[in-house]
Amino acid sequence: MVPTAPTGRLLDSPFLRACRREPAGRVPVWFMRQAGRALPEYRAVRGDGSILDAIRRPDLATEITLQPVRRYGVDAAILFSDIVVPVAAIGFGVEVARGVGPVVDRPFREERDLDRLRPLEPEADIPYVLETVRNLVGELDVPLIGFAGAPFTVASYLVEGGPSRSYVHTKRLMHADPTLWGRLLGRLADLSVTFLRAQVDAGAAAVQLFDSWAGALGPRDYERFVLPASRRVLEGLADLDVPRIHFGVGTGELLHLMAEAGADVVGVDWRVPLDEARRRVGPDRAVQGNLDPAVCLAPWEVVADEARDVLTRAGGQPGHVFNLGHGVLPETDPVVLERLVELVHAEGRADVPGPAPTGGGA
Ligand code: CP3
């Protein structure tokens, strides 16, 4: 333990205990995309502008981050921001189109595009993010999770020019010019490290690296072309003493490699049962997940049943953070999420001893 660790970081909270795989009375729960369109209070304050404009307003971003914490009683807050904030802030020319996602004016296609990816200077480029984090740390009584996009997922937007199903341009660049690909991912890794370190310096108590679309790759390509850059991000935070969560969708065949990349907690989508996911990531990592977000649209009895299955598969052992397997769908009834938090708090246990960690020390 670092003696100078800020007291505001709630080190004994159930969420941080679970990230450290320590026994805790109960299973903590939060939801990816808990702030957002499922909440009427979000729609009421959000306005019509770009989400990037909303993020640039610390008063608004603070309020939106707090909304789900107030309503659901979740065990962690996640900063209201976006994975494209750093690249937008250095002027790459990215917007987030409503109902579409990030879109890029001039996609990344050749070596000279590297010149458009200068280093991030947090105090000058994203002072609004730092102000939001500082506001939140003063108001929250649960830990704040900062986040960034992982190099592959951000690269996929920059290279494709927008969302994609097949990632043809991205995969073409990766295979046709591995050197340029490596330099692109290196730049994006450095941006993510700087972005995440700034959030932690401002008071974030944990970080999540979103590699949402890594599941588009097989293990061989992931290991050669993506893992080194994600490892560079995670290792670049190792000295900060905050838990690092590493998440992607459709990553069942990559979970062991994502664990190798160096995270403390591996996020799991709904396609791999949590007991199997634990086997794949090994005893030295906590797991986060993994109720199918679409299940939350079903009648409550179904939701309860599926949530209990997740808890059962987690085995009551320390090192489980309950979450959905991906973000809250906009169609979700917030009342269902309120009841889900109550259920996890009432029924989730995290004190059954698990297998001994292999890294030595308990
Ligand atoms: O509550 C939270 O989880 C915090 C906020 C958050 C947002 N984006 C706000 C947002 C987080 C963690 C993200 C991360 C993000 N952004 C990811 C990784 C997470 C994931 O879902 O896999 C990705 C891939 C993006 C890129 C992005 N931004 C997409 C695909 C979209 C959706 C476009 C749409 O309108 O359907 C966005 C926009 C966005 N970011 C919204 C929110 C709340 C929604 C729309 C809005 O209010 O404008």
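Numbering (the numbering used here), first residue to last: 903 to 1264. The C-beta atom is built at its ideal place from N, Cα and C for all residues, glycine as well.
Leaving aside the five residues before and after V986 along the sequence, list all residues of the same chain whose C-beta is less than 6 angstroms from its C-beta, in chain order. Within the same chain, V986 has close Cβ partners V996 and P1004.
Original post:
So does T953 have its beta carbon nearer than 6 angstroms to some heavy atom of ligand 1?
Top reply: With the sequence shown as reference, residue 953 is identified as Ile, and Thr is not the correct amino acid for it. At a cut-off of 6 angstroms, the beta-carbon of I953 counts as near ligand 1: some heavy atom of the ligand is closer than that.
| Using 8 angstroms as the Cβ pair cut-off and three pairs as the minimum, do the stretch 1219-1235 and the stretch 1179-1198 touch? | Because the criterion of three Cβ pairs below 8 angstroms is met, the stretch 1219-1235 and the stretch 1179-1198 touch.
### Task
In the DSSP assignment, find the beta strand (DSSP E) that holds R1146 and state where it starts and stops.
According to the DSSP assignment, R1146 belongs to the beta strand (DSSP E) that extends over R1146 to F1149.
### Message
I need the DSSP call for Q1219, collapsed to helix, strand or coil.
### Response
Coil.
- Query: Can you give, in chain order, each stretch of the beta strand (DSSP E) that sits fully within the stretch 1121-1195 and has at least 3 residues?
  - Reply: The stretch 1121-1195 contains these whole beta strand (DSSP E) runs: 1146-1149, 1167-1169 and 1188-1193.
Is the stretch 978-985 in contact with the stretch 1047-1058, if contact means three or more CB pairs nearer than 8 angstroms?
Taking one beta carbon from each stretch, the stretch 978-985 and the stretch 1047-1058 have 3 or more pairs nearer than 8 angstroms; the two touch.
(message) Looking only at its chain, what residues have a beta carbon closer than 6 angstroms to the beta carbon of G1152, apart from the 5 residues adjacent to it on each side?
(response) Around G1152, the same chain offers G1117 as residues with beta carbons nearer than 6 angstroms, after the five sequence neighbours per side are excluded.
So is L1016 in contact with chain C if we call contact Cβ pairs under 7 angstroms? This model lacks chain C altogether; it includes just one protein chain.
Distance between D914 and R1099 (C-alpha atoms, nearest Å):
For R1099 and D914, the distance between alpha carbons rounds to 22 angstroms.
Under a three-way DSSP split, which group does V1031 fall into? In the structure shown, the three-state DSSP call for V1031 is helix.
>> Just to confirm my understanding: we take G1263, look at its own chain, exclude 5 residues before and 5 after, and list those with CB closer than 6 angstroms. What are they?
In response: Low local confidence applies: a pLDDT of 40 at G1263 is under 50, so the model's placement there is unreliable, with the coordinate-based value given in what follows. Counting only Cβ-Cβ distances below 6 angstroms, and skipping sequence neighbours, we find nothing.
- Message: For F1149 and V1039, I'd like the C-alpha separation in whole angstroms.
- Response: Straight-line Cα distance between these residues: approximately 24 angstroms.
Between P1004 and ligand 3, is the CB less than 6 angstroms from at least one heavy atom? Because ligand 3 does not appear in the structure shown, any question about it cannot be addressed here, the ligands present being ligand 1.
- Can we say the stretch 1062-1070 touches the stretch 952-962, given the rule of at least three CB pairs closer than 8 angstroms? Cβ pair count under 8 angstroms is below three, so no.
Where D1043 and L912 are concerned, what is the direct C-alpha to C-alpha distance, given to the nearest angstrom? Taking the straight line joining both Cα atoms gives about 8 angstroms.
Requested in this report: With a threshold of 16 other CB atoms inside 10 Å of the CB of A1248, please say whether the residue is buried or exposed.
Outcome: So A1248 counts as exposed.
Which word fits A999, buried or exposed, when buried means at least 16 other C-beta atoms lie within 10 angstroms of its C-beta? So A999 counts as exposed.
(Q) Once the 5 residues before and after E1137 are set aside, which same chain residues still bring their CB inside 6 angstroms of it? (A) Cβ neighbours of E1137 beyond the five flanking positions: G1164.
- prompt: How far does the alpha helix (DSSP H) with A920 in it reach, from first residue to last?
  reply: It spans P916 to C921 - the alpha helix (DSSP H) in which A920 sits, taken as one unbroken run.
Subject >> Straight-line Cα distance separating R1089 from T1072 >> reply: So the two alpha carbons sit approximately 16 angstroms from each other.
Quick one, are the C-beta atoms of R1146 and D1166 less than 7 angstroms apart? Against a cut-off of 7 angstroms, the Cβ pair of D1166 and R1146 comes out as a contact.
**Prompt:** Run through DSSP, which three-state label would F1049 get?
**Reply:** F1049: strand per DSSP, three-state reduction.
How long is the line joining the alpha carbons of P970 and Q936, rounded to whole angstroms? Straight-line spacing of the CA atoms in P970 and Q936 works out to 6 angstroms.
### Message
Can you tell me where the beta strand (DSSP E) holding Q969 begins and where it ends?
### Response
Counting along the chain, Q969 sits inside no beta strand (DSSP E); it lies in the alpha helix (DSSP H) bounded by residues P960 to Y974.
I'd like the list of long-range same chain contacts for R1239, defined as Cβ closer than 6 angstroms, with 5 residues on each side in sequence excluded. First, the residue type needs correcting, since residue 1239 is Leu and not Arg in the sequence shown. The answer, listed in chain order, is Y974.
Measuring straight from C-alpha to C-alpha, what distance separates R922 and Y944? Near 32 angstroms, if we compare the C-alpha coordinates of Y944 and R922.
### Message
Here's the rule I'm using: 16 or more other beta-carbon atoms within 10 Å means buried, otherwise exposed. How should H1222 be labelled?
### Response
By the Cβ-count criterion, H1222 is buried, with 16 or more other Cβ atoms from all chains shown falling within 10 Å of its own Cβ.
Under the criterion of a Cβ to heavy atom distance below 6 angstroms, does F1224 qualify as lining ligand 1?
-> Checking the Cβ of F1224 against ligand 1 gives no.
request  = With DSSP collapsed to three states, give me the class of Q1110.
outcome  = DSSP places Q1110 within a strand segment (E or B) once states are collapsed to three.
**Asked** If you draw a straight line from the alpha carbon of V1246 to that of L1111, how long is it in whole angstroms?
**Response** Between V1246 and L1111, the alpha-carbon positions lie close to 24 angstroms from each other.
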